[in-house]
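A.B. asks:
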Amino acid sequence: MNEISRRDFVKFALASSALFALEKNMHFIDSVVDRILPEDNIIERARRELKENGITREQARGYSFLSPIIYKYIQPFNYDPEQQWFKIKYHSKLRDFTAMPGREAAWKMYLGIPLNEQERKFFEISETRPAKEKNPAKYYYCFPNKEEDILSAYNKFKDYGDVNVRQAAQIAYYEPQVLYCKTKDYMIIWDSTKDHIMGKFKVMKGKDDKGEYISYYDIWDLEPGGFSLSLLFGKPFEIYNRIYLKK
Numbered sequence: 001m002n003e004i005s006r007r008d009f010v011k012f013a014l015a016s017s018a019l020f021a022l023e024k025n026m027h028f029i030d031s032v033v034d035r036i037l038p039e040d041n042i043i044e045r046a047r048r049e050l051k052e053n054g055i056t057r058e059q060a061r062g063y064s065f066l067s068p069i070i071y072k073y074i075q076p077f078n079y080d081p082e083q084q085w086f087k088i089k090y091h092s093k094l095r096d097f098t099a100m101p102g103r104e105a106a107w108k109m110y111l112g113i114p115l116n117e118q119e120r121k122f123f124e125i126s127e128t129r130p131a132k133e134k135n136p137a138k139y140y141y142c143f144p145n146k147e148e149d150i151l152s153a154y155n156k157f158k159d160y161g162d163v164n165v166r167q168a169a170q171i172a173y174y175e176p177q178v179l180y181c182k183t184k185d186y187m188i189i190w191d192s193t194k195d196h197i198m199g200k201f202k203v204m205k206g207k208d209d210k211g212e213y214i215s216y217y218d219i220w221d222l223e224p225g226g227f228s229l230s231l232l233f234g235k236p237f238e239i240y241n242r243i244y245l246k247k
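See the structure below:
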């Protein structure tokens, strides 16, 4: 490395460090402002950003210069609760044959890449949150277009007794909606229907001032072997909503 290239390298390193520090400070300021703003303002702001920009400022923090490359060549295909992994595709055109639009949209959001107008139809900012959530700046995503499938899966398995994973495989193997496990408090369902975004998710029954409901929850992350890939790239996002039962 000659003297000029060393100097340029140092300048680049210093500039990169400064930008990284500035970005961290901006993220800190954003989080402070969100905690000061009323809860409704935060939800409305996130809803507006998702609609207008295709991504919220929080989810955009998952973006890195590698995100477009990762999205192009890695596809979370055949991601299942047992393997918790994805296949690598070395040619982006293979997506035309194997991609599921809803899961593709979730993958883009995970990587901090804005969604196009067609992809935005899969996501909304939920009007509800888990009862245990105490952070006023926290919001969740939901999938109104999938809620009929979720309710159908709940009704399909609600009368089962406690079921562990091994039993579940025998009960519903190869069906589009598989009961992964069930206790008296909740069930975990593996969904492989069209545009399945969540994969494995938790379903519970509850009641609030609006009446009885079925809630669904998931955290969209990739954890091969229990190791979260968000430590390397991307940003997980949480999913929650309540489906109120008709009387």
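Just so we're aligned, residue 1 is where the sequence shown starts under the working numbering, counting upward by one. No residue lacks a Cβ here, since even glycine has one placed at the ideal position from N, Cα and C.
(1) Would Tyr63 pass as an interface residue toward chain C - the criterion being a Cβ-Cβ separation below 8 Å?
(2) Kindly give me the distance between the Cβ atoms of Trp220 and Ala105, rounded to whole angstroms, as I take these residues to be in contact under 8 Å.
(3) With distances taken Cα to Cα, identify the nearest neighbour of Pro236 among Ser67, Leu50, Leu111, Tyr73.
(4) So, Ala46 versus Ile150, is the Cβ gap smaller than 8 Å?
(5) When DSSP labels each residue in this structure, what does Leu179 get in the three-state scheme?
(6) Using a Cβ-Cβ cut-off of 8 Å (strictly less than) and excluding sequence neighbours within five positions of Arg129, which residues of its own chain qualify?
(7) Answer yes or no: do Asp218 and Met198 have a C-beta to C-beta separation smaller than 8 Å?
(8) Where does Glu212 sit, in a helix, a strand or coil, going by DSSP?
(9) Using three-state DSSP, classify Gly161 as helix, strand or coil.
(10) I'd like to confirm the pairing. Which residues does DSSP put opposite Tyr217 in its beta bridges?
(11) The alpha helix (DSSP H) that contains Ile69, what's its start and end?
(12) Identify the residues that DSSP records as bridge partners of Glu124: which are they?
(13) Work out the CA separation of Pro68 and Lys182 for me, nearest whole Å.
(14) Quick check: what's the CA-CA separation for Glu117 versus Arg48?
(15) So, with DSSP's three-state summary, where would you put Asp191?
(16) In the DSSP assignment, find the unbroken alpha helix (DSSP H) run with Ala131 in it and report its ends.
(17) With a threshold of 8 Å on Cβ separation, who are the neighbours of Phe233 within its own chain once the five nearest residues in sequence on each side are excluded?
(18) Helix, strand or coil, according to DSSP, for Lys51 in the structure here?
(19) Who are the Cβ neighbours of Ile243 in its own chain at under 7 Å, not counting the five residues just before and after it?
(20) Assuming the contact rule is C-beta atoms closer than 8 Å, Asn145 and Phe122 should be a hit. Round their C-beta distance to whole Å, please.
C.D. replies: Straight from the coordinates:
(1) The structure shown has no chain C; it contains just one protein chain.
(2) 11 Å between Cβ atoms; not a contact.
(3) Answer by Cα proximity: Leu111.
(4) No, the Cβ-Cβ distance between Ala46 and Ile150 is not below 8 Å.
(5) It is a strand residue.
(6) Excluding sequence neighbours, Arg129 sits near Lys138, Tyr139, Tyr140, Tyr240.
(7) Cβ distance < 8 Å, so Asp218 and Met198 count as in contact.
(8) DSSP places Glu212 in strand when its eight states are reduced to three.
(9) In the structure shown, Gly161 adopts coil according to DSSP, grouped into three states.
(10) Paired residues: Lys202, Tyr240.
(11) Under the DSSP assignment, Ile69 falls in the alpha helix (DSSP H) whose first and last residues are 67 to 73.
(12) Partner(s): Cys142.
(13) Looking at the two C-alpha atoms, the distance is approximately 38 Å.
(14) Taking the straight line joining both Cα atoms gives about 13 Å.
(15) In the structure shown, Asp191 sits in a strand (DSSP, three-state: E or B).
(16) First-last for Ala131: undefined, no H or E at that position.
(17) Only residues of its own chain outside the window of five on either side were considered, and among them Gly62, Ser64, Leu66, Ser67, Ile70, Leu111 have a CB closer than 8 Å to the CB of Phe233, listed in chain order.
(18) Secondary structure of Lys51 (DSSP, three-state): helix.
(19) Glu147, Ile150, Leu151, Tyr213, Ile214.
(20) With 8 Å as the limit, Asn145 and Phe122 qualify as a contact, their Cβ atoms being about 7 Å apart.
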